[in-house]
Amino acid sequence: MERGTQAGSEGISRRHVIRIAGLGAGLVAAPAVLRRACAAGTPTVVNSIRSLTNPYHATWNKGGAAFAKSVGAEYVTLVTEGNSEKGVADIKAILAKTGGNCVINVDPNDSPDARPIVEACKAAGATVVTQWNKPNDLHPWDFNPNYVAHISFSGVPYGK
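Quick note, in the working numbering, the sequence shown goes up one by one and the last residue is 572.
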């Protein structure tokens with residue numbers, strides 16, 4: 413048996429001291445970790461789309477609203493109406509409003525719009541997913557952990 417584990421022994425085992433020290437360190441660190449995790453609160457869910465008159469985008473918007481509701485998050489829809497400058501400006505405004513505590517799903521109007529959007533999200537500490545449009549040299553791994561994914565689809569198989 414280890415020294416100090418036997419009834420009536422006077423010493424304390426090294427293993428026991430390490431366990432107590434680890435528990436103490438955990439108790440001291442836990443409040444800081446919990447404060448950090450809870451400080452930001454639930455992020456705002458943001459969808460940036462071209463139009464609500466397009467059935468595809470209207471359905472996309474309904475899905476975003478349903479998801480946000482399911483996780484108890486605020487939901488914001490940004491509608492660009494095909495205006496790239498408005499799209500980028502609206503995203504920068506929501507980043508400022510939320511302090512970067514948001515998750516943005518964006519369909520950039522044009523491929524070059526994706527870069528300033530991703531860069532702004534990274535600078536603010538927000539999370540972003542791009543859909544359909546992005547330059548070929550823009551990759552999620554270059555902006556890890558903020559740029560989570562790019563989603564696009566090939567219509568070629570469906571055209572056959």
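We put the beta carbon where it would ideally sit given N, CA and C, even for glycine. Predicted model only: the values in this text are computed from it and were never measured.
**OP:** Keeping to the same chain, check which residues put their C-beta closer than 6 Å to that of residue 541; ignore five residues upstream and five downstream.
**Re:** Locating residue 541 in the sequence shown gives position 129, counting from the first residue. Here the set comprises 517, 560 and 561.
Subject >> Residue range of the unbroken alpha helix (DSSP H) whose run includes residue 568 >> reply: Here residue 568 is taken as the residue at index 156 of the sequence shown, counted from 1. Its alpha helix (DSSP H) spans residues 568 to 571.
**OP:** Hey, could you find the ends of the alpha helix (DSSP H) residue 507 is sitting in?
**Re:** Here residue 507 corresponds to residue number 95 of the sequence shown, with the count starting at 1. 496 to 510 is the span of the alpha helix (DSSP H), which, as asked, contains residue 507.
Original post:
Where DSSP assigns a beta bridge to residue 514, which residues make up the other side?
Top reply: Position 102 of the sequence shown, counted from the start, is the residue given in the question as residue 514. Paired residue(s): 456.
Original post:
Taking DSSP as the reference, what is the three-state secondary structure of residue 489?
Top reply: By 1-based counting over the sequence shown, the position of residue 489 is 77. Here residue 489 sits in strand by DSSP.
Original post:
Going straight from the alpha carbon of residue 493 to that of residue 472, what length do you get?
Top reply: Position 81 of the sequence shown holds residue 493. Position 60 of the sequence shown holds residue 472. Rounded to whole angstroms, residue 493 to residue 472 spans 15 Å at the Cα level.
Subject >> Sequence-distant residues of its chain with Cβ nearer than 6 Å to residue 445 (five each side left out) >> reply: As a working note, residue 445 is residue 33 in the sequence shown. Here the model assigns residue 445 a pLDDT of 33, short of 50, so the residue's position is not dependable, and the following value carries that caveat. Within the same chain, residue 445 has no close Cβ partners at all.
Subject >> residue 487 versus residue 555 - alpha carbon distance >> reply: Residue numbering aside, residue 487 sits at position 75 when the sequence shown is read from its first letter. Residue numbering aside, residue 555 sits at position 143 when the sequence shown is read from its first letter. A direct Cα-Cα distance of roughly 24 Å separates residue 487 from residue 555.
Original post:
In the structure shown, what three-state DSSP assignment does residue 530 receive?
Top reply: Residue mapping note: residue 530 aligns to position 118 of the sequence shown, counting from 1. In the structure shown, residue 530 sits in a helix (DSSP, three-state: H, G or I).
Subject >> Inter-stretch contact (C-beta, 8 Å, three-pair minimum) for the region 489 to 507 and the region 531 to 541 >> reply: yes
Original post:
In chain order, what residues of the same chain lie with their CB nearer than 8 Å to the CB of residue 558, ignoring the 5 residues before and after it?
Top reply: Your numbering for residue 558 matches position 146 in the sequence shown. Excluding sequence neighbours, residue 558 sits near 530, 533, 534, 537, 538, 539 and 540.
Original post:
residue 507 and residue 460 look like a contact to me (Cβ under 8 Å); what is the Cβ gap, rounded to whole Å?
Top reply: Here residue 507 corresponds to residue number 95 of the sequence shown, with the count starting at 1. Here residue 460 corresponds to residue number 48 of the sequence shown, with the count starting at 1. Going by Cβ atoms, the distance from residue 507 to residue 460 rounds to 11 Å, so no, they are not a contact pair.
**OP:** Can you grab the Cα-Cα spacing for the pair residue 545 / residue 475, in whole Å?
**Re:** One-based indexing of the sequence shown puts residue 545 at position 133. One-based indexing of the sequence shown puts residue 475 at position 63. Distance between the alpha carbons of residue 545 and residue 475 is about 20 Å.
Original post:
Contact check, residue 547 vs residue 566 under 8 Å by CB: the rounded distance?
Top reply: Stepping through the sequence shown from its first residue, residue 547 is reached at position 135. Stepping through the sequence shown from its first residue, residue 566 is reached at position 154. Between residue 566 and residue 547 the Cβ distance is about 18 Å, and since that is not below 8 Å, they are no contact.
**OP:** For residue 512, I'd like the list of residues in its chain whose CB is within less than 6 Å of its CB, leaving aside the five on either flank, ordered along the chain.
**Re:** Taking the sequence shown and counting its residues from 1, the one referred to as residue 512 is at position 100. Cβ within range, chain order: 536, 537 and 538.
Original post:
Does DSSP put residue 442 in a helix, in a strand, or in coil?
Top reply: Here residue 442 refers to the residue found at position 30 of the sequence shown. Only weak support is given to the placement of residue 442: the predicted model assigns it a pLDDT of 37, under 50, and the value that follows is read from those uncertain coordinates. Note: residue 442 maps to helix in three-state DSSP.
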